[in-house]
Amino acid sequence: MFGTLFGYELRENAKRVAQTLGILQVMCLVAFVAVAVDFPVFSGFSSSFALLVAPMMPVAVLLVLAQAYWKSMHGQMAYFTHLLPVRGRDLFWSKVLVALAYALVAIVLTLVNWGVLALLKAHKAELSVQEFWHRTAVIWDLPSWIVWFAVVAVVVQLVTIVLEVAAGMSLSARERWQKHGFGAAIVGFVILYLANQVVSFVAMAFFPLMMDVNTGELRFGFWVTDLVNALLADTDPQFVGIGAPVGAVLLAIGVAWWGVRSIECHTSVR
260 MFGTLFGYEL RENAKRVAQT LGILQVMCLV AFVAVAVDFP VFSGFSSSFA LLVAPMMPVA
320 VLLVLAQAYW KSMHGQMAYF THLLPVRGRD LFWSKVLVAL AYALVAIVLT LVNWGVLALL
380 KAHKAELSVQ EFWHRTAVIW DLPSWIVWFA VVAVVVQLVT IVLEVAAGMS LSARERWQKH
440 GFGAAIVGFV ILYLANQVVS FVAMAFFPLM MDVNTGELRF GFWVTDLVNA LLADTDPQFV
500 GIGAPVGAVL LAIGVAWWGV RSIECHTSVR
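This is the structure we're talking about:
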């Protein structure tokens, strides 16, 4: 049954996602043409425009799917959805996994657009792709572990956002808050944002691993100790904690569990 739900969600949202990505892709293509033709005024602007529009693709897709989640779970389609002979957790996870799948497609498309832009800029500068990449890589001369950590952190952030937004909407749809409509969900998002900031700071402070800001090397220890010492000495901290993704994952797991429980035990569609 879960596979059936997952397939239905993919088909149901495919048209909206395709339209959203199509509009943004057309905007990128127009910018690419301006860069390739090398218009005196618009070339530089178009390059920056494409660079900014491309990463909006996963954001736009997630906004479209968030609207669909609210409509099907707690809006005008909620009666039909909750009449299905399936558990609330199956509904929740099928929608979450579909959102992650489409977000992954949008991220891949973002990277492809950035790659095309890099090729155009390399051609414009009369450089080979290898030379252009070498010059770009020099600018981002970071240890490889930091690059991989950043990639993992982005993936973790994506997953936690999807989980928390879906769970937050379901939590806000309880009977006691339902009269406020989507306004309750907005308040919930604000609370979740503040909770994320607190949990991330605590995780950074007390996760037993930190990074030297000057050398990029890892060291075992608690960042809170270095932070307190720096504050007492009125200097800048020499280290920064890297436990924020761990805290984000733990919070997302807790919120997702709470959201699923709310769907199964406290959902009201009146």
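If you read the sequence shown in our numbering, its first letter stands for residue 260, the second for the next number, and so on.
Beta carbons: idealized from backbone N, C-alpha and C, even for Gly.
Values in this document were obtained by computation on a predicted structure and should not be read as measured data.
- When DSSP reads this structure, G500 sits in a beta bridge with M469.
- In this structure, the straight-line span from the alpha carbon of A444 to that of L386 is close to 50 Å.
- DSSP places R348 within a helical segment (H, G or I) once states are collapsed to three.
- In terms of Cβ geometry, V294 and L379 form a close pair [threshold 8 Å].
- DSSP places F298 outside any beta strand (DSSP E), giving it a letter other than H or E.
- Per the C-alpha coordinates, the member of V345, A362, P467 and V375 positioned closest to F261 is V345.
- The C-beta of P467 has fewer than 16 other C-beta atoms within 10 Å across all chains shown, which makes the residue exposed.
- Given a length threshold of 4 residues, each whole run of the alpha helix (DSSP H) inside the region 317 to 374 is given here in chain order: 337 to 342.
- Annotation for A462: G502, A503, V505 and G506 place their beta carbon closer than 6 Å to its own, counting only its chain and skipping 5 residues before and after.
- Residue state for R435 is assigned as coil, using DSSP reduced to three classes.
- Residue environment: A492 is assigned as exposed (fewer than 16 neighbouring CB atoms within 10 Å of its CB, all protein chains considered).
- For L386, there is no enclosing alpha helix (DSSP H), since its DSSP letter is neither H nor E.
- 8 Å or more divides the Cβ of A515 from the Cβ of L451.
- Nearest in C-alpha terms to T263, of all of S429, S353 and V411, is S353.
- Counted as a single uninterrupted DSSP element, the beta strand (DSSP E) harbouring F479 occupies residues L477 to F479.
- Contact between the region 352 to 370 and the region 312 to 320 is present: three or more C-beta pairs spanning the two stretches fall below 8 Å.
- For A313, there is no enclosing alpha helix (DSSP H), as DSSP marks it with neither H nor E.
- The continuous stretches of alpha helix (DSSP H) do not include D493, and DSSP gives it neither H nor E.
- In this structure, the straight-line span from the alpha carbon of A464 to that of V375 is close to 40 Å.
- Counting of Cβ neighbours within 10 angstroms places V276 among the buried residues, the total reaching 16 or more.
- Under the Cβ criterion (8 Å, minimum of three pairs), the region 519 to 528 counts as touching the region 417 to 436.
- Counting C-beta atoms within 10 angstroms of its own C-beta, H333 has 16 or more neighbours from the protein chains shown and is therefore classed as buried.
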